[in-house]
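Here the structure comes first, spelled out in structure tokens, and everything after it is commentary.
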Amino acid sequence: MRKSTFSRTELSRAFGIDMATLGTGSAGTGFSFGKVGPGVTSEPHRHDESEAFVVLAGAGKVTTDLEEISVKAGDVVLFDPFEAHVLRNDGDEDLDFVDVYWRNGKAALDAAAKVATPRRPIFVFSTPPTPNGDLHLGHLSGPYLGADVYTRFLRMKGAEAYHLTGSDDYQSYVATRADADESTPAKVARHYADEIRTTLALLDCEVHSFLPTLGDDAYAEFQAACFRSLLSSTAVDPRESPALFEAVTGDYLYEPDVSGLCPDCGGSAGGNICEECGAPNLCHDLGAVRSRHSAEAPVFGSVRRAELALERCYVNIDRHLRASGAPVRIMDLFARLRQRGDLSLPITHPSDWGLLAEGFPGQVIWVWPEMAFGFLYKIQALARLLGRDWNAATPSNDWQIVHFFGFDNSFYHALLYPAVYAEVFSNWTPRIRYHVNEFYLLDGQKFSTSRGHAVWGKEVLGQKTVDAVRLHLGLTRPEGERTNFTLDALRRTENELFQGIWLNWLDALHGEIKQDFGGCVPDAGDWAPADRAFFARIEIHRAAMERAYSDDGFSVRRAAAQACDFVRDCVIYRQTQDYAAARRLYPARTRTSLALQATAATILAQTLAPLMPRFASTLARGIDGVSTETWPTSVRRLAPGTIFDLTPVLGFYARSDNPILNDQQAV
Numbered sequence: 005m006r007k008s009t010f011s012r013t014e015l016s017r018a019f020g021i022d023m024a025t026l027g028t029g030s031a032g033t034g035f036s037f038g039k040v041g042p043g044v045t046s047e048p049h050r051h052d053e054s055e056a057f058v059v060l061a062g063a064g065k066v067t068t069d070l071e072e073i074s075v076k077a078g079d080v081v082l083f084d085p086f087e088a089h090v091l092r093n094d095g096d097e098d099l100d101f102v103d104v105y106w107r108n109g110k111a112a113l114d115a116a117a118k119v120a121t122p123r124r125p126i127f128v129f130s131t132p133p134t135p136n137g138d139l140h141l142g143h144l145s146g147p148y149l150g151a152d153v154y155t156r157f158l159r160m161k162g163a164e165a166y167h168l169t170g171s172d173d174y175q176s177y178v179a180t181r182a183d184a185d186e187s188t189p190a191k192v193a194r195h196y197a198d199e200i201r202t203t204l205a206l207l208d209c210e211v212h213s214f215l216p217t218l219g220d221d222a223y224a225e226f227q228a229a230c231f232r233s234l235l236s237s238t239a240v241d242p243r244e245s246p247a248l249f250e251a252v253t254g255d256y257l258y259e260p261d262v263s264g265l266c267p268d269c270g271g272s273a274g275g276n277i278c279e280e281c282g283a284p285n286l287c288h289d290l291g292a293v294r295s296r297h298s299a300e301a302p303v304f305g306s307v308r309r310a311e312l313a314l315e316r317c318y319v320n321i322d323r324h325l326r327a328s329g330a331p332v333r334i335m336d337l338f339a340r341l342r343q344r345g346d347l348s349l350p351i352t353h354p355s356d357w358g359l360l361a362e363g364f365p366g367q368v369i370w371v372w373p374e375m376a377f378g379f380l381y382k383i384q385a386l387a388r389l390l391g392r393d394w395n396a397a398t399p400s401n402d403w404q405i406v407h408f409f410g411f412d413n414s415f416y417h418a419l420l421y422p423a424v425y426a427e428v429f430s431n432w433t434p435r436i437r438y439h440v441n442e443f444y445l446l447d448g449q450k451f452s453t454s455r456g457h458a459v460w461g462k463e464v465l466g467q468k469t470v471d472a473v474r475l476h477l478g479l480t481r482p483e484g485e486r487t488n489f490t491l492d493a494l495r496r497t498e499n500e501l502f503q504g505i506w507l508n509w510l511d512a513l514h515g516e517i518k519q520d521f522g523g524c525v526p527d528a529g530d531w532a533p534a535d536r537a538f539f540a541r542i543e544i545h546r547a548a549m550e551r552a553y554s555d556d557g558f559s560v561r562r563a564a565a566q567a568c569d570f571v572r573d574c575v576i577y578r579q580t581q582d583y584a585a586a587r588r589l590y591p592a593r594t595r596t597s598l599a600l601q602a603t604a605a606t607i608l609a610q611t612l613a614p615l616m617p618r619f620a621s622t623l624a625r626g627i628d629g630v631s632t633e634t635w636p637t638s639v640r641r642l643a644p645g646t647i648f649d650l651t652p653v654l655g656f657y658a659r660s661d662n663p664i665l666n667d668q669q670a671v
């Protein structure tokens, strides 16, 4: 027997509330006392222990990844390992509770391996492309392929998931392109929005709502209402502050107008954001600042703009990042930003292109806060198509939002947007997940539209090449590190890997089943240890692909590599069975080998549906009764007698329809 005593006056802060350790028991069990004051909310967190809250006094709410429940004295709430949880006191008295936690290694591993399907509607956003040019492979490899793969998988799992995007029409870069083309921003935006939609379709990128914002009066009205609400918040002030102006014309300079050295990392940076380190800048604080318009150094002056005092939003941003489980790369960006101290960020700019900022004549709403509210408007626009009641003005805590974007947009998506959401929608707690990619390089250098250093999507995408392109972009996708693209490597993926290994294996399997069993899958006969091991590896592949597509372990690169490894495994297994004399003398072993390979081809089609949807569906059409609409929950052998005719897939992919991929000479 052991006894411990604590004092309510000797509590310490932990997870944002007052806690005191009561002691530990056997098998790693721990006990703590907690006090949550009126109006206080604990910090979101998750851990590998199982945990129980025993409420002693008071009342409040417990929020997890999946739901929110009310609790009062006498209630006991149990949490599984890794289940995020928040305790909020919405009463007038202290909420007292005892926290009991214990470690269970098996339960933790089971929870880590579990792939859950969210019950709420999921809105997957690929960052809206700027319609100042078409999409190149640098663009496609990141947000657009990632969001498409992710959404397709969720829908296969039965989730209500939608992929949304649209043209970012009011970007300052659109006006810059219009100047270069001697056109108007509106014409440029409309033209390239159409080109972008065409390219996404060529990529087999399924977008459930692509929303251009130009000319949408309801969109402009919604943005004006959000801006008025933002102006009334305590974090926004009208301020006269330093700004840059063109030396020759006196024009106001920001974003694409200027470049220099980042005040955070010292590297080369554009106006308002550093692509290298992700940190924002104010243009006037750039080192060695240059104007795009002339060789003259910009002139320093001042202008009155609406400014967001970002440091007043740090508590809300921090809470959001903890709850979202944001990547450490984003957490590091936020930590570096806080080290810089106060940061007052202009959210209006003098310009004749954009949505007018009420109360600031001659200025427009900065496009990045506009985009934050634009995501909510896109949900409402989708609702109109589906006959749902989702309202942008009253976002729901039931919504799950997932953002796909490049790291250079991390500040906007993960720090600025949660900040302005908290100021405008005080009753909304956004549920947002973030999937970030790094830069995709072309021959070792950044893709660049302005320098013409790019391979455009339309150059390599076609009906017969789209699967090889998606496979290659998956294998080389810049996840956690920059990766490199070359046309020669893409050709090798198409000709040596997809055609030379994948289709050759399927062709041989098709030929044997047609010749020996009339095009029907045989029943298995005698099973050797190698057959049992191969059968087990099919399930290992299915589970690995499920993990690679799921939110917790999402990685297109891992899924693509896993698929390649699995096909190579199938080829090796086939080669170990392919001996003519043994086939004649031991036909029962041959039947087992062919039955297992047919099962492997089926699982390959189903697990490739998110990554290579065209190839997957074409392959599945050749196997009677197989669908790529739902995710396989386990591996089951095909029923004996199942028609197995791969003529559709072998005929369709007989040769590439793209001269660039067939041409062995560099372009």
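Going by my numbering, the first residue of the sequence shown is number 5, and it counts up by one from there.
Glycine residues also receive a C-beta, built at the ideal position from the N, C-alpha and C atoms.
With a beta-carbon spacing of about 5 Å, T487 and T480 fall inside the 8 Å limit used to define contacts. The residues W106, in chain order, have a CB closer than 6 Å to that of T33 in the same chain once the five nearest residues on each side in sequence are set aside.
The DSSP assignment places 421 to 428 and 461 to 464 as complete runs of the alpha helix (DSSP H) inside the segment 416 to 472, in order along the chain (cut-off: 4 residues). Per DSSP, reduced to three states, the secondary structure at E244 is strand. R294 and E498 have their C-alpha atoms roughly 44 Å apart. Boundaries cannot be given for R344, as no alpha helix (DSSP H) includes it and DSSP labels it neither H nor E.
In the three-state DSSP reduction, S355 falls in the coil class, being neither helix nor strand. Taking T155 as the centre and dropping the five residues before and after it, the same chain places the C-beta of V128, A165 and H167 closer than 6 Å to its C-beta, in chain order. Taking 8 Å as the cut-off, the beta carbon of V90 is found no closer than this to the beta carbon of L60. Between the beta-carbon of P48 and that of A88 there is about 6 Å, and that keeps the pair under the 8 Å contact cut. Beyond the five residues adjoining it in sequence on each side, T134 comes within less than 6 Å, by CB distance, of D172, Q175 and Y177 in the same chain, given in chain order. Each residue's CA atom was taken as its position, placing A592 and A599 some 11 Å apart. Around the C-beta of N395, fewer than 16 other C-beta atoms lie within 10 Å, and the residue is accordingly described as exposed.
In the three-state DSSP reduction, L290 falls in the coil class, being neither helix nor strand. Nearest in C-alpha terms to A247, of all of L265, A283 and F304, is F304.
DSSP places E374 in the uninterrupted alpha helix (DSSP H) bounded by V371 to L390.
According to the DSSP assignment, I607 belongs to the alpha helix (DSSP H) that extends over P591 to L612. Rounded to the nearest angstrom, the gap between the Cα atoms of G20 and T67 is 15 Å. For G274, the uninterrupted beta strand (DSSP E) run begins and ends at S272 to G274, by DSSP. Beta-bridge partners of E72 (DSSP): T67. Going by DSSP, N488 is part of no alpha helix (DSSP H) but of the beta strand (DSSP E) stretching over T487 to F489. In the structure shown, Y105 falls within a strand segment according to DSSP collapsed to helix, strand and coil.
Within 10 angstroms of the beta-carbon of Q227 lie 16 or more other beta-carbons, which makes it buried.
Annotation: the continuous beta strand (DSSP E) that includes F83 extends over V80 to F83. The distance from the Cβ of V153 to that of P614 is about 5 Å, consistent with a contact at the 8 Å cut-off.
Per DSSP, the beta-bridge partners of G410 are N441. For K39, the three-state secondary structure derived from DSSP is strand. Straight-line measurement puts the Cα of A163 at about 38 Å from the Cα of N276. By the criterion of a C-beta distance shorter than 6 Å, P350 is surrounded in its chain by R309 and E311, once the five residues flanking it on both sides are discounted.
Separation of the CB atoms of A458 and H140 is rounded to 4 Å, and the pair is thereby assigned contact status at 8 Å. Taking C-beta atoms as the reference points, T632 and P652 fail to come closer than 8 Å. Shown here, V630 sits in coil according to DSSP, grouped into three states, outside any helix or strand. DSSP places F86 in the coil class of the three-state scheme, outside both helix and strand. If you draw a straight line from the Cα of I517 to the Cα of T594, it comes to about 10 Å. L420 and P373 have their C-alpha atoms spaced approximately 8 Å apart. If one requires a minimum length of 4 residues, the alpha helix (DSSP H) runs lying completely within the segment 499 to 552 are 508 to 521, in chain order.
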